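S.K.:
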Amino acid sequence: MIPAPFDYYRPTDIAGVIALLEEHGDDARVMAGGHSLIPMMKLRMAEVPHLIDLQDVAGLDGISIEGGTIRIGAMATQADLIDHAGLAEAAPILREAALQIADPQVRYMGTLGGNVANGDPGNDMPGLMQCLDAQFTLVGPDGERSVAARDFYEAAYMTERADEEVLTSVSFAAPAGGYAYEKQKRKIGDYATAAAAVQLGKEGAQCTAASIAMTNLSDVPVWSQAAGAALQGTSVDETAIKAAVEAALADIDPTEDNRGPVAFKRHVAGVILTRAIQSAWARA
Amino acid sequence: MKDEVDNREERVANLKGMGCARKRVEDVRFTQGKGNYVDDIKLPGMLHGDFVRSPYAHARVKSINIDAAMALDGVVAVLTAKDLEPLSLHWMPTLAGDKQMVLADGKVLFQGQEVAFVVARDRYVAADAVELVEVDYEELPVLIDPFEAIKSDTVLREDLEDGADGAHGPRRHHNHIFLWEEGDKAATEEVIDSAEVVAEEMVYYHRTHPCPLETCGAVASMDKVNGKLTLYGTFQAPHVVRTVASLLSGIEEHNIRVVSPDIGGGFGNKVGVYPGYVCSIVASIVTGQPVKWVEDRMENLMATAFARDYWMKGKISATKGGKITGLHCHVTADHGAFDACADPTKYPAGFFHICTGSYDIPVAYVGVDGVYTNKAPGGVAYRCSFRVTEAAYFIERMIEVLAMELNMDAAELRRINFIRKDQFPYQSALGWEYDSGDYHTAWDKALSSVGYDDLRREQAERVEAFKRGETRKLMGVGLSFFTEIVGAGPVKNCDILGMGMFDSCEIRIHPTGSAIARLGTISQGQGHATTFAQILATETGIPADSITIEEGDTDTAPYGLGTYGSRSTPVAGAATALAGRKIRAKAQMIAAYLLEVHDDDVEFDVDRFVLKGAPERFKTMKEIAYAAYNQAIPGIEPGLEAVSYYDPPNMTYPFGAYVCVMDVDVDTGTTDIRQFYALDDCGTRINPMVIEGQVHGGLTEALAIAMGQEIAYDDLGNCKTGTLMDFFIPTAWETPNYVTDHTETPSPHHPIGAKGVGESPNVGGVPAFSNAVHDAFRAFGLRQAHMPHDHWRIWKIANDLGLHD
Ligand SMILES: Cc1cc2nc3c(=O)[nH]c(=O)nc-3n(C[C@H](O)[C@H](O)[C@H](O)COP(=O)(O)OP(=O)(O)OC[C@H]3O[C@@H](n4cnc5c(N)ncnc54)[C@H](O)[C@@H]3O)c2cc1C
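Chains as they are written, first to last, in this note's numbering: chain P, 69 to 352; chain W, 13 to 817.
(1) Round the Cβ separation of residue 301 of chain W and residue 29 of chain W to the nearest angstrom and send it over; I've been treating them as touching at under 8 Å.
(2) In three-state terms, what does DSSP make of residue 444 of chain W?
(3) Is there a Cβ of chain P sitting closer than 7 Å to that of residue 22 of chain W, yes or no?
(4) If I measure Cβ to Cβ from residue 16 of chain W and keep anything under 6 Å in the same chain, skipping five residues before and after, which residues do I get?
(5) Quick check: residue 583 of chain W and residue 499 of chain W, are their CB atoms within less than 7 Å of each other?
(6) Anything in chain P within Cβ reach of residue 746 of chain W, meaning under 8 Å, just list it in chain order.
(7) Return the residue from the list W/269, W/304, W/75 that minimises the CA-CA distance to residue 54 of chain W.
(8) From which residue to which residue does the beta strand (DSSP E) around residue 33 of chain W run?
(9) From W/649, W/641, W/605, W/654, pick the residue whose C-alpha is nearest to that of residue 630 of chain W; which is it?
(10) For residue 369 of chain P and residue 287 of chain P, I'd like the C-alpha separation in whole angstroms.
(11) Compare the Cα-Cα distances from residue 144 of chain W to each of W/126, W/109, W/80, W/122 and report the closest residue.
(12) Does the distance between the C-beta of residue 235 of chain P and the nearest non-hydrogen atom of ligand 1 fall short of 6 Å?
(13) With which residues is residue 248 of chain W paired in a DSSP beta bridge?
(14) Would residue 542 of chain W and residue 440 of chain W qualify as a contact pair, given that the criterion is a beta-carbon distance under 7 Å?
(15) Using a Cβ-Cβ cut-off of less than 9 Å, list which residues of the segment 786-808 of chain W approach chain P; keep chain order.
(16) Would you mind sorting residue 163 of chain W into buried or exposed? The rule is 16 or more other CB atoms within 10 Å of its CB.
(17) Just to make sure I have the definition right: I need the residues of chain W whose C-beta is within less than 7 Å of the C-beta of residue 261 of chain P. Which are they?
(18) Taking beta-carbon pairs under 8 Å, can you tell me which members of the segment 695-724 of chain W lie near chain P?
(19) If you reduce the DSSP assignment to three classes, tell me which class residue 94 of chain W lands in.
(20) Going by DSSP in three states, residue 285 of chain W sits in which element: helix, strand or coil?
(21) Would you kindly report the start and end of the unbroken alpha helix (DSSP H) that includes residue 642 of chain W?
(22) Any beta-carbon of chain P closer than 7 Å to the one on residue 49 of chain W?
(23) Using the C-alpha atoms, what's the distance from residue 671 of chain W back to residue 23 of chain W?
(24) Measure how close the beta-carbons of residue 377 of chain W and residue 195 of chain W come, nearest whole angstrom, since I'm counting them as under 8 Å.
(25) In angstroms, rounded to a whole number, what distance separates the CA positions of residue 13 of chain W and residue 639 of chain W?
(26) Less than 7 Å between the C-beta atoms of residue 803 of chain W and residue 785 of chain W, yes or no?
(27) With distances taken from CA atoms, which of W/607, W/189, W/636 is nearest residue 623 of chain W?
(28) Closer than 8 Å between beta carbons: that is the criterion. Which residues of the segment 314-327 of chain P meet it against chain W?
(29) Taking residue 204 of chain P as the reference, give the member of P/149, P/266, P/141, P/174 with the closest Cα.
(30) Excluding sequence positions up to five away, which residues of its chain have a Cβ less than 6 Å from the Cβ of residue 183 of chain P?
(31) Could you tell me the boundaries of the beta strand (DSSP E) in which residue 374 of chain P lies?
(32) Classify residue 359 of chain W as helix, strand or coil using the three-state DSSP reduction.
(33) Check whether the segment 107-118 of chain W touches the segment 335-352 of chain W, counting contact only when three or more Cβ pairs, one atom from each stretch, lie closer than 8 Å.
(34) Quick check: the segment 161-181 of chain W against the segment 82-95 of chain W, are at least 3 beta-carbon pairs closer than 8 Å?
(35) Taking the alpha-carbon of residue 316 of chain W as reference, which of W/714, W/626, W/343, W/65 has the nearest alpha-carbon?
(36) At which residues does the beta strand (DSSP E) containing residue 486 of chain W begin and terminate?
Printed below as a string of structure tokens:
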């Protein structure tokens with residue numbers, strides 16, 4: 069549990085970070101909270117000869133809610149998300165999800181940017197960001213660009229982000245309607261056996277909008293367009309929920325691990341999603 | 013000297029003797045981060061060791077190239093089996109009469125096995141050098157399943173002579189270790205064959221690991237000038253380590269000092285001798301500098317001693333009315349690559365033959381086949397006396413299965429089969445003499461405390477509601493009544509590597525009336541410094557707060573066999589009481605002399621000797637201690653010291669009644685423990701608060717084992733549970749609320765009647781949790797589902813029973 073030797077950098081601005089990334093290419097990595105990266109370095113699964121700490125880089129923190137748009141700096145921690153009163157009101161699903169990540173100690177260090185940039189299918193925020201249709205802002209040598217969360221994930225630990233780019237912030241429209249983040253895990257501090265993020269819009273007795281994403285049930289987060297479509301225009305009754313779950317199950321591709329075999333995961337995914345839809349609908 | 017309190021109650025309170033909930037004196041330093049653990053030891057010029065370990069479960073080691081590692085700046089040495097061979101230290105004896113490779117000698121037999129030992133200037137360089145050692149392996153077929161291993165053509169242990177006997181008799185196959193039997197096989201089979209009712213079941217107690225918070229480690233320091241070796245380490249039995257180190261190294265025993273400093277939990281994991289200890293000693297001898305080796309969490313889980321892994325095939329017979337008539341058990345015991353079980357020499361399956369449990373079973377038989385596989389060695393008693401938790405789990409499952417067979421309430425079945433109070437001392441069919449017990453009283457108290465009948469009513473209603481589709485949650489009532497066998501043990505039949513399992517205490521009373529006592533045991537969190545001082549306070553009249561308890565330094569402590577198997581209180585606790593009584597006997601003579609009366613005219617009273625019939629005339633222990641050092645008393649040597657070595661006449665048999673009430677979600681496999689009631693009878697209670705703490709801790713480990721904790725391997729022998737992400741350690745969040753209770757049935761043969769308690773909650777807790785899961789599905793016909801009961805396995809129970817259709 070001792071990492072290979074590395075050089076440590078602590079730049080104070082984005083330009084400094086990008087210069088280092090350009091200089092060392094593949095051999096450099098940025099570190100946010102370090103709670104995914106450091107364990108991998110200690111296990112020597114990740115070798116990072118040049119480690120660039122983002123803690124002192126200006127302009128990466130903060131949470132703003134303006135004109136219906138929420139913008140969260142990459143270095144905002146999961147604890148920040150939990151503690152921010154405005155955010156809890158504007159997008160309560162974030163708080164609900166963040167409270168189910170790891171344990172309080174990890175949440176004080178782990179950042180939103182690290183969680184979405186990491187590319188680990190076990191991370192909870194990527195699925196949630198797909199559910200919210202968030203945009204990730206990336207800054208690189210060629211300037212700034214924006215990538216939709218729904219287009220960001222390619223495979224486990226493989227994302228749209230180029231090696232020399234830094235994810236600086238995440239933004240999305242404040243969600244309306246009912247929400248739920250349901251997660252089954254083996255214990256505190258565990259990644260999901262299955263988790264589901266659901267946002268539902270409601271007018272009268274009708275579901276007007278539905279967005280559904282799932283975590284740790286494929287090598288990437290799964291936003292299931294078909295599952296959402298199955299709920300839209302319905303009264304979210306038993307039949308509609310069944311159809312949505314069936315659609316979602318067609319989009320996931322879980323693998324066996326210590327949490328259990330595939331059949332179990334598929335079953336639990338269905339149960340968790342059902343509960344998330346019911347809970348979101350009850351809150352809508 | 014006249015500040016003594018005269019009020020007797022106040023004097024008793026001031027003593028903080030037995031029965032008082034004295035706060036743990038250890039916690040002052042532990043809660044402030046001021047403990048002193050092996051990894052805190054830093055000696056001048058100390059080097060650091062780290063292991064190259066095998067990535068394969070079974071492979072030939074074709075070559076090892078250390079050149080690149082040696083070339084790294086800061087690397088001092090890289091040891092391989094070749095370097096240890098001239099010292100005959102490339103293999104070492106195990107506690108079970110087998111031998112074990114210290115470093116890979118031609119092949120590796122489990123993933124994580126030690127292949128080479130790198131010694132470097134610091135811990136970081138050592139880790140880097142490990143990566144640079146090039147080992148060429150040729151993979152061999154892997155045997156993970158003991159039932160397959162015992163038939164396979166693949167020879168695991170090529171070092172063992174084919175057909176030759178092992179340490180425990182004939183080996184019938186090259187992967188067979190021993191067959192150990194107890195009881196009357198023919199008579200048992202006859203009873204079972206002709207019985208009215210027979211229940212038969214395979215009960216698996218899965219492989220798990222003690223996983224103490226602090227991993228194993230050592231610092232060896234060979235002083236070449238004076239020829240003395242000092243070895244600091246996480247040893248549960250420091251004196252035995254000294255003897256073994258002397259026998260292995262040829263260094264005379266007086267030139268070896270072994271020190272166990274503070275230990276962050278042991279649970280059996282720190283009883284055995286590990287390659288890391290041997291390699292640090294050799295490395296210190298070779299380099300002339302102190303060498304530290306401390307394993308990391310993954311190494312601890314993958315390579316140091318596991319626990320359990322018993323496949324127990326049982327048959328239990330009874331009359332139609334439910335009176336048990338016989339018990340038959342055959343165990344296939346997976347011992348891994350080397351037989352390194354920590355058991356008394358004569359008992360290769362430990363005290364597994366306590367498996368008739370708390371029941372009056374007239375005839376029984378046990379046979380245990382030990383088998384080699386490509387898994388890590390070990391087989392230690394994880395918070396239990398030797399294989400006692402396996403035995404308790406086995407019988408408590410068999411009782412439940414029999415209750416189903418009889419269509420009877422499992423609480424009632426237990427009640428009609430309990431050994432009765434008037435049957436003690438009770439001779440069990442498998443050869444034990446149970447010292448004392450009152451099972452019916454404990455059981456009735458437990459059942460009425462939890463409202464047993466109401467629970468059963470609620471459960472029946474829940475099943476009906478489930479069948480009507482109104483709920484997806486079932487309710488289980490997990491019962492467990494256990495009898496432990498602890499306090500090993502009588503020297504006539506208990507030894508470890510030839511050393512009889514007595515224990516010891518040496519006391520010195522200082523002139524001003526305070527004291528130091530040293531014991532042959534070593535606390536790893538049990539609170540010895542607190543509780544042994546209480547025993548002495550009651551026995552000698554010196555307040556517990558004025559008594560220092562010291563353990564773990566072989567240069568100063570009397571010889572003892574260490575702490576495991578709940579033996580400290582039954583054995584060293586007895587030695588402590590008896591040493592205290594020697595002090596008191598001498599104090600009586602001094603008091604009589606000072607009061608100018610005959611010895612028989614004074615009697616002990618809390619903290620003093622008083623003149624019989626005239627209690628206003630007395631000498632306090634403080635005064636007596638002072639006199640012992642300052643007055644010439646005719647016929648009495650100066651000083652006030654005593655030593656006692658205690659060879660127990662019998663084991664002690666703590667028991668208890670546990671009930672666990674659990675809700676089970678059949679769709680997700682998640683569980684919710686609504687209620688847990690634990691009644692423990694550990695004989696005389698020395699400190700109720702320490703007992704409660706031990707029970708809480710033991711129950712939480714039982715929860716872990718029953719509900720998720722395991723060491724699992726894939727088909728290639730890769731350990732799948734090498735980190736705490738996958739190896740379940742409950743946090744406060746997963747831990748339910750426990751209600752503790754007790755009855756008190758003293759041991760008749762122990763000087764203070766104490767029986768030991770540290771392991772009871774693990775022994776009794778595992779069946780309680782597991783039975784609750786089983787019981788939830790009893791209405792749907794579930795007979796046996798193997799632990800651990802994690803989410804997917806519970807889900808699978810429901811799925812197999814068709815509850816998801
Ligand atoms: C015990 C434990 C349990 C956990 N349980 C959960 C859980 O249940 N759910 C969950 O979602 N997470 C869990 N985590 C992960 C935790 O939330 C991490 O902190 C988080 O995933 C990563 O955030 P970080 O700030 O620590 O990132 P780091 O570890 O610093 O970085 C992770 C990766 O992202 C890259 N990166 C970080 N920031 C940026 C950036 N701004 N731009 C570009 N790349 C960047 C890094 O280079 C690295 O590759 C757990 C962690 C631990 C230790």
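No residue lacks a Cβ here, since even glycine has one placed at the ideal position from N, Cα and C.
In this text, all values refer to a predicted model and were calculated from it rather than measured experimentally.
M.R.: Taking the geometry as given:
(1) Wrong, their Cβ atoms sit about 47 Å apart, outside the cutoff.
(2) Note: residue 444 of chain W maps to coil in three-state DSSP.
(3) Not an interface residue.
(4) Low local confidence applies: a pLDDT of 47 at residue 16 of chain W is under 50, so the model's placement there is unreliable, and no value is given.
(5) The beta carbons of residue 583 of chain W and residue 499 of chain W sit closer together than 7 Å.
(6) 255, 256, listed in chain order.
(7) Distances from the CA of residue 54 of chain W to each of W/269, W/304, W/75 were compared; the closest alpha carbon is that of W/304.
(8) Residue 33 of chain W -> no beta strand (DSSP E), and no H or E assigned at all.
(9) For residue 630 of chain W, the closest alpha carbon among the candidates W/649, W/641, W/605, W/654 is that of W/605.
(10) This structure does not reach residue 369 of chain P, given that chain P is present from 69 up to 352, and the question cannot be answered.
(11) Among W/126, W/109, W/80, W/122, the Cα nearest to that of residue 144 of chain W is on W/80.
(12) Relative to ligand 1, residue 235 of chain P has its C-beta within less than 6 Å of a heavy atom.
(13) DSSP, once it has assigned bridges, lists no residue as partnering residue 248 of chain W.
(14) Between residue 542 of chain W and residue 440 of chain W, the gap from beta carbon to beta carbon reaches 7 Å or more.
(15) For the segment 786-808 of chain W, the residues whose beta carbon sits under 9 Å from a beta carbon of chain P are, in order, 802, 803, 804, 805, 807, 808.
(16) Per the 10 Å Cβ criterion, exposed.
(17) Taking a Cβ-Cβ cut-off of 7 Å, the neighbours of residue 261 of chain P in chain W comprise 803, given in sequence order.
(18) Listed in sequence order: 720, 724.
(19) DSSP, reduced to helix, strand and coil, places residue 94 of chain W within a helical segment of the structure shown.
(20) The answer is coil: DSSP assigns residue 285 of chain W none of H, G, I, E or B.
(21) For residue 642 of chain W, the enclosing alpha helix (DSSP H) starts and ends at 633-642.
(22) Interface annotation, residue 49 of chain W: not in contact with chain P, CB-CB separation never under 7 Å.
(23) The straight-line gap from Cα to Cα measures roughly 40 Å.
(24) Between residue 195 of chain W and residue 377 of chain W the Cβ distance is about 4 Å, and since that is below 8 Å, they are a contact.
(25) The predicted position of residue 13 of chain W is uncertain, since its pLDDT is 39 and thus under 50; no value can be drawn from it.
(26) The answer is no: Cβ separation not under 7 Å.
(27) Proximity to residue 623 of chain W across W/607, W/189, W/636 peaks at W/607, based on C-alpha coordinates.
(28) Going along the segment 314-327 of chain P in chain order, one finds 326, 327 with a Cβ nearer than 8 Å to chain W.
(29) Each of P/149, P/266, P/141, P/174 was checked against the Cα of residue 204 of chain P, and the nearest Cα belongs to P/141.
(30) 191, 193.
(31) Because chain P is modelled from 69 through 352, residue 374 of chain P falls outside the range shown and cannot be assessed.
(32) In the structure shown, residue 359 of chain W sits in coil (DSSP, three-state: anything other than H, G, I, E or B).
(33) With three or more CB-CB distances shorter than 8 Å, the segment 107-118 of chain W counts as touching the segment 335-352 of chain W.
(34) Because the criterion of three Cβ pairs below 8 Å is not met, the segment 82-95 of chain W and the segment 161-181 of chain W do not touch.
(35) For the set W/714, W/626, W/343, W/65, the Cα lying nearest the Cα of residue 316 of chain W is the one of W/65.
(36) For residue 486 of chain W, the uninterrupted beta strand (DSSP E) segment begins and ends at 485-495.
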